[in-house]
Each structure stands twice: as structure tokens, then as C-alpha cells.
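*Asks:* After the C-alpha cells below, expect a handful of questions from me.
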Amino acid sequence: MEWYLMGMVAIIAGAMVWPLLAKRHAVWAGWLSAIAPIGIFCWLLTQTKNVANEVLPTWTAEWVPQMGISLDFRLDGPGLLLSMLITGIGALILIYGGGYLKGSPQAAPFFAFVQLFMLAMLGVASADHLLVLFIFWELTSLASYLLIGLSHSELAARKAALRALLVTGTGGLALLAGILILGSVGGTYSLAELQTKGDLIRSSPMYLGIFVLVILGAFTKSAQIPFHFWLPDAMAAPTPVSAYLHSATMVKAGVFLLAKFYPILGGVPIWHDTLTVIGGVTMLLGGILALAQTDLKKLLAYSTMSALGTLVMLLGIGTDLAVKAAMVFLVVHALYKAPLFMIAGVVDKATGTRNVTLLQGLGKRMPLLGIAAALAAFSMSGLPPFVGFIGKELLYEAEIHAGHYSLLITCLGFAANAINVTVALKVGISPFRNRGELPDINPKARKPSLLIGPLILALAGALIGLFPWLLGEGLINAAVRDIVSQPVDSDLKLWHGFSLLLVISAVTVVVGVVLYIFRDRVRAMVGLVLQKIPKKSSDIFDWGLARLIEGAGMSTRFFQHGNLRLYLVVVLICLSSLITASLVSTGFAGMPQSGPVRFVPVGISLLMVMAGIAAIRSRSTVMAVLAMGGIGYGVALLFALFGAPDLALTQVLVETLTLVLFALVMRQLPPIQAYSSTRRRATDLGIALTAGVALTIALLAVRGATIPDAERISAEMATRSLPEANGKNVVNVILVDFRALDTMGEICVLAIAAIGVAGLLLGSGRRNVQAELAIATPLFRTAVSWMTPLLIFMSIVLLFRGHNEPGGGFIGGLVAGAGLVLRRLASADRPPDAGRQPFLYMAAGIITALVSTLPAVFLQRTFMEGVWIGSLWLPIVGKTKFGTPFLFDIGVYLVVAGVCLLILTRLIRGETLKEATHH
Amino acid sequence: METILILLTGFLFTCGFYLMLRRNFTRLLIGILFISQAANLVILVVPGLGPGFSPIVPDGATRPLEGHPDPLPQALILTAIVIGFGVIAFAIVLLKKAYHGLKTDDLDRLKETDS
Amino acid sequence: MKNLWKRTLFRLPNLLRFLPIYLREMTVSNIRVAIDALRPVPAFVPGFVEVSLKGYDPIQRWEAACLISMTPGTLSLDLVDDSDILLVHALYLQDPEQTKNELETLVRQALGKPNYLPS
Amino acid sequence: MISVLTSIFLLIGGFFSLVAALGVFRFTDFYSRIHAATKASTFGLGFTGVAAALALGTTSAWVKMIAAIAFLFITLPIAAHLLGRSVRSREKDTKPHQD
Amino acid sequence: MIPDLILTLFEVMLFVSMALCIWRMAIGPSAADRMVAIDLLGLLVAVLMISHAIRTGDESVLDVVLIFAVIAFFGTVALARHLQRESDEPTDTQ
Amino acid sequence: MTEFPLYLCLLVPMGAAFLQILLLGRPRAQRVVAVAATGLLAAVGCALVAAVKTGGPVILDVGGWAAPVGIRLQADMLSALMVAITGIVGLCGAIHGLAEIPASDERRGYHPLYQFLLFGVCGSFLTNDLFNLYVWFEVMLLSSFVLLALGGGKAQIEGAVKYVVLNIVASLVFLLGAGLLYATLGTLNFADIALRISEGKGSATGIRLSAVFLLLAFAVKAGVFPLYAWLPSSYHTPRHTISAVFAGLLTKVGVYALIRTFGPTFATEQGFILPILWWISLLTMVIGVFGAASQFHTRKILSFHIISQIGYMTFGLALGTAGAFAAAIFYVIHHILVKTNLFFVASVIDRIGGGEDLKKTGGLYRNAPWLAILFLIPALSLGGIPPFSGFWAKLALVKEILNVNAWFAAGIALAVGILTLFSMTKIWAEAFWKDRPEDAAPMRPVSVSHVIPMVILAVGTVAISLFPAYLFELADIAARQLLTPVAP
Ligand code: NA
Ligand code: NA
């Protein structure tokens, strides 16, 4: 098995190497790339004995233990058979493809993707772990997508590739689901183990689900009705690809999968009925559709579909004989279909057309090709002594012994076989017959590499026909044995003697020939019938896809309408419903606990309500902004009233700064206009009220049961603040010590905001414009020249006292910032740009904050732990202890001051410059 | 007292929501400000209000007076206020810029970048 | 502005001497406003007067402006064209010339004679 | 004694605050409103501040309140100056402005 | 030590004052009027804080008052500036 | 000193931000710092993963105040993984930025903001404290606001308005949630919250209400249906570097917060929250992929995909089992790598293909076959094609879904997969396969800095694809540590 896997590695390595060569020397690339698959093929030949004797090559390695996935490979009968097709035909296709695509830009990707595909197929053929198998399975779809799209300039090719991908991809996902369920039911993903647990699976309630999902995977891959439509489209791929993927190997993967699952899922009526019916219908329909074609590749494609139907039907019948017939037919079909495809490609290349009604006389021009074509066609027609004859005999035998519907099945099979004969004649004989004028041949079509593949395969068909034991004892018996899970021992024979079968065979050929003779009339008739069919499955698929995309577009436009107001409405609705759901599910904890009502806050609340109503009702921008300021001051007052002086201070400062910001941009925003209709206003009010009421009830509910103070983490903070953190102002100690990390983030937020504001405003005016500031009156300047130093002084006092009394870095920084900005405002002679100064403040602040964390690190203490140096008595401030938390607070102070300075000066300057350029 | 202040915050929230749903930039901003004021107030009120003095250790004591208000929500609010200031400062300038770039302050006309 | 602090210190005694006058003026001013605010119809005769601050340096002008704003019925609005003429809004402007003189006297009382510094 | 004094100061402060607001509310033109706001409010805060300093009786309370009052003396006239000036410059430019 | 009645009386006076301010703010008519009103409102808030300090004896509130007295000026400056520059712009309409 | 790498994860971006502010106006130096700092962050992040793998969660009580009094930083495997991936994505973004970000943006503060963004993201991942998380969210959010609006294009500003407003509202809801939770439980530390809830402290109403507030806030940040609107409005508007880093990291911080909060912390609320999340996630998957299927603009397609994929991640959370958490964590890591990479590819498509409108671009397969490969790796991975990392992520998740016999959900998850693949093929077919239209905008040169990040991320994706066991192991550890929080 190692050789096999090393071969796979060689192939994937080749997929990376040979494309590089193929750009210039495609033929060489073809020959060289065939080495690896030929090597595997040879190794496979050595293994036939072992496999026949049930000594199966295996290999295993751990891969993803968490998912229960190991790289288990195991080459059983069907696997060996499929592997030989993949490598044998694959090698020839690579050689053929090198010749076919010489000089084409498609050559390089062809080699890359075909070898990727080959790897994937070898994986499918040999994987024992179902998920590993699935991985390779999906890779085949992917490779197929890329290969169908090789002629990607054409829309048709892109569409065909997409169809194939979507159909097989969807099937693949179904298969994955089936595998996962199967794995959980069977307790293992090992095919070998599962094959011994067939009874368990079949009796499981999940059986039907598994079955449906698995056959969905198989049917889409093997182009069974109604998923067949992607296959004829896939003929948009270059011929070597069609020959390999869409006739010999990939489409067989579905059949192969069914064969592998037969011991697990097979032998149940539903399996039998479904496969037989779908397979039979596909077989017949493929044949009939083939009759309507004139394009060589389309002809072959539909007949391939018919053959796939046959195979599925045989696995449905499920008798030993049917399975055997299936396995034989699998090989037979590959041996004639692949060469016919390749021949069709050469014909196309030689003459520039694939239309059978136009082609003739090629036999004289290309005799060797003609021989190969004839051999393959005879095999396809089921004439002795070709292997096709053996296949057909077995087919009929299986069909006749199919049980219940054997007569019907046989008739269906008869029809399909007869059509096969017709197709064979059309493809393999008709173009080569001489009916007068000989065509001109493109010399590019005369290359040994183009001929060797068809010849070898066609000859192999003849050879095996003559010596059927080549195939029988080793391969077929082993494959059938592993599918039906019991030893079989029957030889393949070319000659069964004169029997009913022979008669049927003969009649088949005769009917086929007759159909061929009247081919034009038949085609017209079938065409007429097909026209009557209103909707084909490809149409349904396209229609469905179009509706899906349309629906997707509609849903997207519905949800992503671009209206911010409605986005906010959605948020509010979600909020209200979540609150409602929570309250309904838990109920109220109790009536809200409320302390004694105090007169002042109640009054303030009433005034705030007044301001709020004013803000809503007024259409004056100034009014709205001032009302907002009023509310802010009210909140500050409430903070002060409930023992939060630090908060009140911060709130007052921030509120003022916000007011200043608004004042600076207000003029550049338009006056408030009444955009909304009255009705919409009413709706909005309703929504706002709903959300507001829900929120209020939620808050009251939470207030109904809060945790006692003593159990809060703050209790410990209050106790430890002075003794351990050397600060009397617990709030400040929390900010710079207990939760200094919050503050660290917070100063960053401020710095970011400042940089953002500066960035947004950068370049919003010309540089070096001298603008006289209307506000910088002499009186104001004089006043400010007093105030700035005072404010800075106060800010420093606030900073130093912060640890013990209201104040601290933030508050101090805000005051300092206000002072600095005032000074800028008052300077009449230049625009108030602070230049790099605020950035330096910010940087200095951040580095100070960072440095304050270092002593602890150097002293081997915890990150950001306070390190205290000693205490100092300062005027006004009093006795204060100094340590890293204080240093940290200085950092905060610097950042905040820098931020205020940057934001405000940039705003003022942007505005001023705009003014200056306006006039 | 808490109940009354919760009702007040509810009122502020409602005002804020309503203002936010208007189509003007200015009202949107003011709506956001209302909501953030209310949110700050909520954090102070819901855990319970103090009697009026602050959580500062008096001279000679080792911990704040008995019955002091919870200092932690105060610290949280302080952080939230400052962060809110940064955010609002940016938002104000952004909307100013938006008005200059898009030549409208009607939010309903901002539909170019969606699907 | 360099000598701001020095000059301020230099003038401190002057300022302290002036404080009582200032407080008196303010009290009167406030009572008048109070009366008018409580009256059914305020007895205003509003108007503007221009007070000359010629010879005073910027700080003194500022002091003068503050002083005038805090005196009864008058409010400093602006230095006209940023010069040394202070525009004052008065509430009880029966006689503009008299008001102007009163104000200029008040300023001189408070700030001393102008230095006639070159401006 | 101190409490009586405090009470009196407090009430005077309240009274002048009320006067300021009444003025702003009742006076008919902008200039008279700003007159009221500037003068009476200084007194309002001044008296109340002294009352607080008396009531608390600490040095720091006195320092803070005197500083606050001093600041008001500096800032309020300038604020009035700025507001009044801008209104006047508007009146010069345009006809009386309705907001 | 200060009679509760006096304090309450004081606070009522302040409330009335503040309500009047808000009223003026709401009715305008000019932006300058509204600004004067908010200016005064800020100051009244500070005054009310002082009474709280008297009630509780907690001096820390006085720091807020001090800063308030200083910083309110800053707001006025910006508002006045807005007013000044608004003169040549389209104005708010009621 | 085992916690050394832990706080280095914060010090590095913050120190870098400091340097970048100092160096404003000196772009060369800034660029060096940007790459060096992000590289260092990536290295430190990986070191942290290694440290956690060998020694268990790394815990640091900041300032020496033992949690829950102080803020605890905690690097369990989940956090460490997220930080490491943040470093890697940050490095890639920094390199891509070298080629893309114009000098004008650098003057506007791109470099410090970028570092601040990473700072916020790392902080969010490392903190074990609810309010501290709020602060980190804000750091991250505000820098993202600015980065989004940087450059000030019309579309950018418009997108930024929606992004900013909706995210501000979400932040306020978060703040409320944190406040209510503190009122109810008296603590902010995650582990302590879990402990107190399990001890039966706090009112059920309070706990539930704060839980739904947090749910709403994180759902907006994560971009979950129907709260994702800000994302497709804005993510396609800024510079590619910026949208790539956003696409990789930002929503995932929301997902991370959801996992952290509703995984172990609000254990008792799972019965209430997870069913909601269950349906929401399914809708997110579907509506998101519908959006992607209907668009014809590379970054819009990719943006809608983010939403769809978020649905998978939150569904992992909604399942509520350790295995599903592991799957969700795996999914997050995979998606960050892949999605960032796809945005980088979109950047190069924009340059070579002449725009982002798929109808007006093409011919890349012929013009830039290397780009085809670099696109296919993340695209196939996103589409869930085996054996790429996206397949493993979906496989793990679907397995968990099937474990609870949720057939419908499994069906949706798989069906959305095929639509994902469909919309990826749209980019492939239009931009790569289709011939270049005559009127396509001219090609612009591509520099090495455009390509290096794609290669780094593609190598990462391939590594996860071929050796998923390593990441699964880490995800398993992460899920287990997540569900057994270290007691405060
Ligand atoms: Na976000
Ligand atoms: Na994202």
C-alpha cells in the first residue's frame, strides 16, 4: 500500500511540477506525467493475486484523532478495479492530453487539475475511512469544476462548470450528512467495519435518512435522473477531460460508492426499488436523448448517462449476477468509451467539427485511428469477440434473472443496448466511412501521442474479449465478493453456446443497425418528442437558481435597506422584546427598594424633564444643544447630591467641553428641519415609549433586589483604600490603583478620539492663513492671561490632591486643557494651532503611565502594583504619599490635557481657516 | 428616591430614543447624549444611592464613614463619562464632516453604501 | 503680558483700597436690579454710552470693564474697534453725559490717574 | 449666632439667585437680561458661598468659596462682554434676529 | 445647625429660579437669550450644590462649585463665539 | 514571571502606539515600528499559547489586587489563541498597509490608531473582568471608528456614520448591562460572577436582565441577525488593509465575548439565552449568505459572508456543549485567517483587475495565475471544500449538531455551505475566469508587501488544513478551560 500512496504523492507533486513544463513542452509533460500512474498501475497488477486471495493491502496513520479521523486506506476488490481504471486510463489520457493541448494556454492548468483529480479518485478508490473518502470525493468535484472551466473565456463553460459544481457539491454535502449519521449509528467510520454491521444499520431508524443522503451523493455524481443535466453541459471541457472524468472515472465514482455501500445499505426493498427504477429510467432516457444528438461528444455523453443508469440499475437488482454484470460493464464501458472520446477529440482537431452528419472519409486519411475507432465501436455494440459482448451477455443474463420486473427490465435494457449499437456506429464507424470526397486533415492531429491512447484501450477491449480470464478470476471475482460479502467463483466466458441470450444479442444488434440506417428520421422524431416536454430538469435547476438569487436579493434589500433610523428601530425592538421575555420568564424580584425621598433631587428631576421636553419640542439647534447641556448639569448636580463629587466634577467639565464642541460645529451643521411626517413622528414616539417603558420596568425590577453592600467587592475596596493604597478618596484609588487598567484603556480612548478628530479635520483649510479671531478681544485676552495660569495652577492642585480628595488626573487634566485652550482662543495674532504640542503631551502621558508600571516589574512584583516612595507635605495640598499610582495619575493628567488641547484647537482652527478661505 | 430617579432615567431614555429616531444629524447626536447621560445615572442609581456624603476617608479614620455610597459605581461612571466624551467628540466631528461631504443632514438619504 | 504678575503686585494696595467702593457699588447695583425684577414694569431707559479709557493699559482697561459691569445699571460691552473707548450699555440712561462722567470718575477712583503709557 | 448669620446669608443668596432668574425671565430685551444675570448671580453665589463657609467653618471651605467668588468677579463681566458684543455685532449686521 | 426650613426655603427659591431659566431657554427668542439662560442655570446649579454642602457638612462638594465657577466661563466663551460667527449664516427657524 | 508574555501582549501595542504618536510626521520610522511591533506581538502571542499549553492558564491580578477586587488578566487557551491570531493578522495588516496606506493617512494618524486597535483587541481577549472588557471594547471601537473614516471618502464617511451610531448604541447597552450586573451581584470578575450565580446569589430577574443586555450588545458587535446592518454598510468602504483587519478581528471579538459570557459565566442563563441564540444563528447564516449571493462587489460579498459565518460560530455556542465550543473556537480561528486573507486578495483584485465591481473586472486567471492560487486557498476554505480548514470547522460543528439530532439545523448549516461556495465561485468566475472587459480600469502595480501577507495567511490556512489535529487539540483545551473557570 505504501507504493500506492507514494504514487499518489508523486502524482500530486507532478501536479505542481508538470504544468510548469507543459507551458512549453506539453507533449513531454504528457509522457513524463504518465510515469507515476503507470507505476501505480504496475503495482496494482502485482496486487491482483493478493486481493483475490483476500489479502487486502492496507495502510493507516493517525490524522485528526479529535474527529476520529485516521488515514485508513484499504484496497478491496472494487477499489482495485477502479484504481486500475484510474491509473491505466489516466496515464493514457495524460499522454493524449499532452498532444491534444500542445501550445494551448490550457495545457498547464490541465496537467495541474487532471493530476489533482487523479489523486482524488485514487483516494476515493482506496480510502477506508468514510470521511477521508468524502474529502477525496469533494476534491473530484472541485477538480471537475476547474477542468470544465478550462475554456473559461466562454460563458457556457463557466456556466457548465458552476452547474456541475453545484449539483455534485450539493450531493456531496448530502453524502457528508449521510456519512456522519452513519458514523454515529454504526459507531465507526471505517467502511470495512461498517460493511460487517450491515444488519445493525439496516434495522436502525436512521436507515432511511442515511440511505436518501448517500444515494443523493451517488446519483448527483453519476448523473442519474433528475440530476443528469450537468453531464452533457460538462462537455464544454476539452476532450481529454471529458474522456477521463466524464466517461471513464469520475462519474463512476457514484456507482463505486453504491457498490461500497451495498453491504451496508443494500438488500432492502427500498434500495432495490429506488436504484432499479432510477437507474432504469436514466438508462433509457440517456439512450433516447443520445438519439437526438449530432455532436460526437454529446452523443457519447448521453450514452454515458445511459451506461451509468445501467450500472445503477444493476446494483439495484443486487443479485450476485447483477453485481458481477455491473463490475464487468464498469470495465467494459471504460474500455470503449474512453477511446471513443479520445477519437472524437482527434476527429475534432483534424477536421474542426464534431458534427457526425458532416464527418466522413476519415478512415482513409487516418487509418490507424479508424481501426481503433472500429474496435471500440464493435465492443460498444457488443459484438463478439470483444469484451463488450461479454458485458452485454452478462447484462441480459442479470436482467432476465432480476426477479419481479425482470421482463420490463430486460425490455429497457434491450432498448438501451440497441441504442448503444446505433451510437457506436454513429461515432466509431460513420465518420470513417468513405462516401466520396476525402476531407482535409489538420496535421496537428497526426501525433503518436493522440493515437496511442485509443489504440491501446481499443486493443485491450479486443484482448480481454478473447482472454476473459485476464479480468475474471482476479479482479471481477474479488470485486463482486467484496460487494456481496461472500465468495463468488465464476469465470467470464466469451462463448456461452447458443442460447436465448445470444438471440437477444443478435436482435439487439439488428435493431441498432436499423436505427442507425434511419438515423435522421429517428433523430427528427425524438427531437419532436423532446420539444413536447415543457420543462427539463436543467431548466428547473436554472429557474430555481435564478429564483434563489432573486430571493436572496430581495431579502438583502429588505434587511439591508440603508436606513439608519430603521436599523435603530430594530435595535430598540430587540431590546424591548428581550426585556419583556426576561421579565415574563423570571417575574419581578420585588418592589423596587427606594431610600427616603429627598426634596432637592425630585425638584431637579422635574426640571430635567422640563429640559428634556424642551429639547424634543424645539426645532432650534441651539435650544436642543443647550437643553442637552442643562440635562448634563442636572446630572452633575444629582451626582453631587448623592455623594459623588468626583463624578460631579467630571460631569461638569465634560458637559462644558461637549457644549463647547457643539458650539464649535453647530454653525457648520444645518438648522434642524422637520423631515419626518407627523405620522412617522407618532410611530417613532410609540417605539421610543415602548423601549423606554420596557427599560424603566427592567431597571425597577433590578432595583427590586440588589445585593447588600457588604457583599459587594467595593466593600473591600473601601476598607483597603487607605491602609493599603494610601488614598483617602476611594474613587480615585479605584481609578489609579484597584482598577488602573480601566484607566489605562480610558486614556487610550481619549488619545484615539483626539487623533481621530485631528485626522478628520486635517487639511480642512489652507495652511498659514492668518485669521483674526472674532473672540480674541483685548478684554478677553487680558482676562485669559490671568486665567490660564490660574487654571493650570488649580489643575495641578487637583492632580495632587486627587488621591485624598475630589480631583485627580482626569479632572486636573480637563481643567488644564481648558486653560490651555482658552489661551489659544485668546491669541489674536495666529490661528490657534498647537502644532505638535498636544501630541507631545499625549505621548508623554502615555509613556508616564507605562513607566509607572515598570518599578513593580523590576521589583519582581505584580504588573502595575503600586510602589510607594514616601510622603511629602505640600502647601494647599497637604501631606501626600507618593508612589507609582501617583505617577500613573500624572500620565492621565498629561494625556487628558493634550487631548483637550488637540481636539479643541483643531476644531477652532479648522473652522477659522474655512472662514478665512471663504471670504 | 431610587424609584423616582429610575423614572427620570426612563424619561431620558425615551427622549433619547425618540431623538435618535429623527432624521437630523444634530438630533441623532443629542439623542445619543441623552442616552449616555441616562446610562451613567442608571449605574449610580440602581445599586443604591448614598445619603449624600462622599466615599472619602475622613481625617483620622481608616475607612469612609458608615453608610457611605458605593465608590465602585462612581469609578465606573467616571470612566464611562470620559470614554463617552471621547466617543461623542469624534461623532460630532464625523457628522460635521458627513454633512460637508454628503451635502445633507437627512439620515434617510444615506443609502449609498448599503446593498 | 510679560510683566503681568509684577504689575499686578505693584497695584495690589490700590486694588485693596478700592475694594470697599466696589462692594458698595455692587450692592447698590444688585438692589436696583432686584427692585426692577420684582416690579410689574421695570423702569428702564436703556441705551449706550462710550467711556474713554484713554491712557490705561490693557489690564487696567479690563479692571475698568469689570468694575463698570458690576456697577448699577451698566454693563461693559466692548472696546470700540479694540481701542480705548469702552462701549457701555446702561439701563437707566436718563442723562447720557452725566452717566459717562460718573463712570469715568469711578474708573479714576478705582484705578488712579491714567499713566499715559505709550500704547 | 453663626447659624443665624448663615441663615441670613443663605436667604440673601437665594433671593439674589431668584432675582437673577426673574430678571432673565422677565426683562424684555437681551441687554437687560444679561444685566440681571451678571450682577444678581454674582451676589447669589457670593452670599451662599459665605454662608457655606460660615456653616462649615473650615479654612479650606473659606478658601474655596472666596476663590469661587473671585473667579466669578473676573469671569462674569467678561462673559457678558463676549455675549453682548456678539449680539451687538449681529445687530449691526442684520436686523434683529429671531432664533 | 441650620434650620431645615431655611434650607428648604432656599432650595425652593433656587428651583423657581432654575425653572425660570429653563423657561427662558425654551422660549428664546434669540440664541443669545438662551445662552444667557443656560449660563445662569449653570451658576444656579453651583449655588444649589453649596446648599447641599451646608446640609451634609461634606466639604468636598465645594470643590465642584469652585471648578464650576471657573469652567462655566469656558462654555460661555464658546457659545459667544458661535453667536458671533453665526451672524452671517442662515439662522434657525422656529 | 510566567505572566511576562501576558502583559507584554498589552505593553507591546501600547508602547508601539506611544512611539507612533511621537513619530507622527516621520512615516519611514513609523512603518518600521508598525511591522516590528506587530511581529513582536505575534511572537509574544505564540509564546503565550505555548506557555498556556505547557503550564495551564496564565493569570495576572493587575496591581497585585487579587480578583475580584482588582482586575484579573487571564490567558487561558482561548484568550491566548485569540491574541496569537491577533498578532498574526496584525502583522499581515501592517505589512499590507506598507503598500497601501497613503502618506496622507499616515499623517492623519493611521499608525498609532492601528496599534491602538490591536491594543483594544488584545485587551478584550485577555481581560477577565466585565467592565474592563467594556473599556477594551471602547478602545477597539473608537480606533476602528477613526480608521474607518480615515481618508474621508464619501462612501467611507457614510458607512462610518452607520457603523459609529449603531456601535455606540451597542456600547451603551453593554454599559447598562455591566451596571445592572454589578447592582445584582456586586462583582465584575467573570469567574466571580459565575461563582456567585452558582451560589444562588443575586436575584434571578437581575441576572437575566443583565444577561440579555449583554447579549444584545455583543450580538451587535458580533454582527448577528438582525443587528448586523452596520457591517455591510461600512466594511467595503475603507482602505483594504483596514477592512481586512476589521473583517478578521472585530466581529470575532463580539463572538469571543458571547462565548466567554454565555459559555461559563452565565451558566444558569443558558436555558434562556441559548435557544434564542440558536434561531438567531440559523437566521444569521441564511440571511448573511443570501446577502453574499446577491452582491456583485468583492468586498460586499465578503462582508456578507462574515455575517453568515458568524452564524456558524454562534451556533456552536448555542449548542452549549464542550465539543461545540471547541468547534466554534476552531471556526473562529480558521475564519480569521481565511477572511483576512480574502480581503487582502480583494485588495489585489482591485489593483490588477481594475476595481471591485465584478462586472467591470476580469482576466485575472490569465494575468495573475499566482493570485488565482492565493485566492483559491482561502476561498475554497471558506466554502468548506475539504480538506481545507473551513471543512474541518464545518465538520466539527455539523458533527456536534447531529449529536443532538438537530436535523433541521444541520441541513441549514450544510445548505448555507453550498451557497457560500456559490458566491465564492462568483468571484472566481467573474474576476478570474471571465476575460477582462474592454472598459476595465487600468491595472495598478502590486508590490511585495501586498503579497507577503497573503502568503503568510495562506500558509497558515494550508497548515491548519493538513494538520487540523493541532488546532483541534488547542481548541479542545480552550473549550475545557473555558468551562472550568479558575476560581477568583
Ligand atoms: Na465591531
Ligand atoms: Na469581522
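Residue numbers (the working numbering), protein chains in the order written: chain A, 4 to 922; chain B, 241 to 355; chain C, 2 to 120; chain D, 268 to 366; chain E, 57 to 150; chain F, 32 to 519.
Just so you know, even glycine gets a beta-carbon here, dropped at the ideal spot from N, CA and C.
In this text, all values refer to a predicted model and were calculated from it rather than measured experimentally.
In whole angstroms, what is the alpha-carbon distance linking residue 181 of chain A and residue 271 of chain A?
*Replies:* Mapped onto the first sequence, residue 181 of chain A falls at position 178. Mapped onto the first sequence, residue 271 of chain A falls at position 268. Those two C-alpha atoms are separated by around 17 Å.
*Asks:* With a threshold of 16 other CB atoms inside 10 Å of the CB of residue 340 of chain F, please say whether the residue is buried or exposed.
*Replies:* Translated into the one-based positions of the sixth sequence, residue 340 of chain F becomes position 309. When all chains shown are included, residue 340 of chain F counts as buried.
*Asks:* Is residue 26 of chain C near residue 73 of chain C, with beta carbons less than 8 Å apart?
*Replies:* For the purposes of this step, residue 26 of chain C is identified with residue 25 of the third sequence, where counting begins at 1. For the purposes of this step, residue 73 of chain C is identified with residue 72 of the third sequence, where counting begins at 1. Yes; because the gap between Cβ atoms is below 8 Å, this pair is in contact.
*Asks:* Have a look at A:642, A:800 and A:822 and flag the residue whose alpha-carbon is nearest the alpha-carbon of residue 792 of chain A.
*Replies:* In the first sequence, counting from the first residue as 1, residue 792 of chain A sits at position 789. Residue 792 of chain A has its Cα closest to that of A:822, out of A:642, A:800 and A:822.
*Asks:* Secondary structure at residue 778 of chain A, three-state DSSP: helix, strand or coil?
*Replies:* Within the first sequence, residue 778 of chain A is the residue found at index 775, counting from 1. The answer is coil: DSSP assigns residue 778 of chain A none of H, G, I, E or B.
*Asks:* So if I threshold CB-CB distances at 7 Å, which residues from the segment 294-309 of chain B count as touching chain E?
*Replies:* Residues of the segment 294-309 of chain B whose Cβ lies closer than 7 Å to any Cβ of chain E, in chain order: 294 and 296.
*Asks:* Comparing alpha-carbon positions, which option in A:50, A:173 and A:23 lies nearest residue 544 of chain A?
*Replies:* Indexing the first sequence from 1 puts residue 544 of chain A at position 541. Measuring from the Cα of residue 544 of chain A, the nearest candidate turns out to be A:173.
*Asks:* Between A:568, A:142 and A:710, which has its C-alpha nearest residue 261 of chain B's C-alpha?
*Replies:* Reading the second sequence from its first residue, position 21 is the one you call residue 261 of chain B. Comparing Cα positions, the closest option is A:568.
*Asks:* Residue 64 of chain A bridges to which residues according to DSSP?
*Replies:* In the first sequence, counting from the first residue as 1, residue 64 of chain A sits at position 61. DSSP lists A:74 as partners of residue 64 of chain A.
*Asks:* For the alpha helix (DSSP H) containing residue 284 of chain B, list its first residue and its last residue.
*Replies:* Sequence index remark: in the second sequence, residue 284 of chain B carries index 44 (1-based). 265-285 is the span of the alpha helix (DSSP H), which, as asked, contains residue 284 of chain B.
*Asks:* Is it the case that the Cβ atoms of residue 73 of chain F and residue 111 of chain F are separated by a distance below 8 Å?
*Replies:* Counted from its first residue, the sixth sequence places residue 73 of chain F at position 42. Counted from its first residue, the sixth sequence places residue 111 of chain F at position 80. No, Cβ-Cβ distance for residue 73 of chain F and residue 111 of chain F is not below 8 Å.
*Asks:* Helix, strand or coil, according to DSSP, for residue 554 of chain A in the structure here?
*Replies:* Counting from one through the first sequence, the residue named residue 554 of chain A turns up at place 551. Correct three-state label for residue 554 of chain A: helix.
*Asks:* For the beta strand (DSSP E) containing residue 884 of chain A, name the first residue and the last one.
*Replies:* The residue labelled residue 884 of chain A in the question sits at position 881 within the first sequence. 881-886 is the extent of the beta strand (DSSP E) around residue 884 of chain A.
*Asks:* What would DSSP say about residue 647 of chain A, mapped onto helix, strand or coil?
*Replies:* Taking the first residue of the first sequence as position 1, residue 647 of chain A is located at position 644. Coil.
*Asks:* Out of curiosity, what's the CA-to-CA distance linking residue 105 of chain C and residue 69 of chain C?
*Replies:* Translated into the one-based positions of the third sequence, residue 105 of chain C becomes position 104. Translated into the one-based positions of the third sequence, residue 69 of chain C becomes position 68. One C-alpha to the other measures close to 9 Å.
*Asks:* Going by DSSP, what residue range makes up the alpha helix (DSSP H) through residue 578 of chain A?
*Replies:* On the first sequence, position 575 is the one that residue 578 of chain A refers to. Residues 567-589.
*Asks:* Does the CB of residue 45 of chain F have a neighbour CB from chain A at under 8 Å?
*Replies:* Locating residue 45 of chain F in the sixth sequence gives position 14, counting from the first residue. Yes, because at least one Cβ of chain A sits closer than 8 Å to the Cβ of residue 45 of chain F.
*Asks:* Name the two residues that bound the continuous beta strand (DSSP E) containing residue 90 of chain C.
*Replies:* For this step, residue 90 of chain C is matched to residue 89 along the third sequence. 86-91 is the extent of the beta strand (DSSP E) around residue 90 of chain C.
*Asks:* When the Cα of residue 400 of chain F is compared with those of A:15, A:368, A:112 and A:83, which residue comes out closest?
*Replies:* Reading the sixth sequence from its first residue, position 369 is the one you call residue 400 of chain F. Considering only alpha carbons, the answer is A:112.
*Asks:* Quick one: complete alpha helix (DSSP H) runs, 4+ long, within the segment 134-202 of chain A?
*Replies:* 158-189 and 194-198
*Asks:* Tell me, to the nearest whole angstrom, how far the beta carbon of residue 96 of chain A is from that of residue 247 of chain A; I am working on the premise that it is less than 8 Å.
*Replies:* The sequence position of residue 96 of chain A within the first sequence is 93, counting from 1. The sequence position of residue 247 of chain A within the first sequence is 244, counting from 1. In this structure residue 96 of chain A is in contact with residue 247 of chain A, their Cβ atoms being roughly 4 Å apart against a cut-off of 8 Å.
*Asks:* Give, in chain order, every unbroken run of the beta strand (DSSP E) that is at least 3 residues long and sits entirely within the segment 358-403 of chain F.
*Replies:* none
*Asks:* Quick check: the Cα distance between residue 651 of chain A and residue 495 of chain F, rounded to an integer number of angstroms?
*Replies:* For the purposes of this step, residue 651 of chain A is taken as residue 648 along the first sequence, with counting starting at 1. For the purposes of this step, residue 495 of chain F is taken as residue 464 along the sixth sequence, with counting starting at 1. Roughly 54 Å separates the two Cα atoms.
*Asks:* Is it right to say residue 95 of chain C is buried, meaning 16 or more other beta carbons lie within 10 angstroms of its own, or is it exposed?
*Replies:* Counting from one through the third sequence, the residue named residue 95 of chain C turns up at place 94. So residue 95 of chain C ends up on the exposed side.
*Asks:* Anything in the segment 279-295 of chain B with a Cβ closer than 9 Å to a Cβ of chain E? List those residues in chain order, please.
*Replies:* Cβ proximity to chain E below 9 Å picks out 291, 292, 293 and 294 from the segment 279-295 of chain B.
*Asks:* In the segment 34-73 of chain C, which residue ranges form an unbroken alpha helix (DSSP H) of at least 4 residues, counting only runs that do not cross its ends?
*Replies:* 59-71
*Asks:* Which of the three DSSP states, helix, strand or coil, is assigned to residue 873 of chain A?
*Replies:* If you number the first sequence from 1, residue 873 of chain A lands on position 870. Reduced to three states, the DSSP call for residue 873 of chain A is strand.
*Asks:* Tell me where the alpha helix (DSSP H) around residue 103 of chain F begins and ends.
*Replies:* Residue mapping note: residue 103 of chain F aligns to position 72 of the sixth sequence, counting from 1. Where residue 103 of chain F is concerned, there is no enclosing alpha helix (DSSP H), although the beta strand (DSSP E) it sits in stretches over 103-106.
*Asks:* With 16 as the cutoff for other CB atoms within 10 Å, does residue 134 of chain F come out buried or exposed?
*Replies:* To locate residue 134 of chain F, count along the sixth sequence from 1; it is residue 103. Residue environment for residue 134 of chain F: exposed (fewer than 16 other C-beta atoms within 10 angstroms of its C-beta).
*Asks:* Grab the span of the alpha helix (DSSP H) containing residue 323 of chain A for me, first residue to last.
*Replies:* Position 320 of the first sequence, counting from 1, holds the residue named residue 323 of chain A. Element bounds for residue 323 of chain A: 323-354.
*Asks:* I want to see whether chain D comes within less than 8 Å of residue 876 of chain A, judged by CB atoms only; does it?
*Replies:* Start at 1 with the first residue of the first sequence, and residue 876 of chain A comes out as number 873. Using a Cβ-Cβ cut-off of 8 Å, residue 876 of chain A does not count as an interface residue toward chain D, since no Cβ of chain D sits closer than that to its own.
*Asks:* Within 10 angstroms of its Cβ, does residue 709 of chain A collect 16 or more other Cβ (buried), or is it exposed?
*Replies:* Here the question's residue 709 of chain A lines up with position 706 in the first sequence. Answer is buried; the Cβ neighbour count reaches 16.
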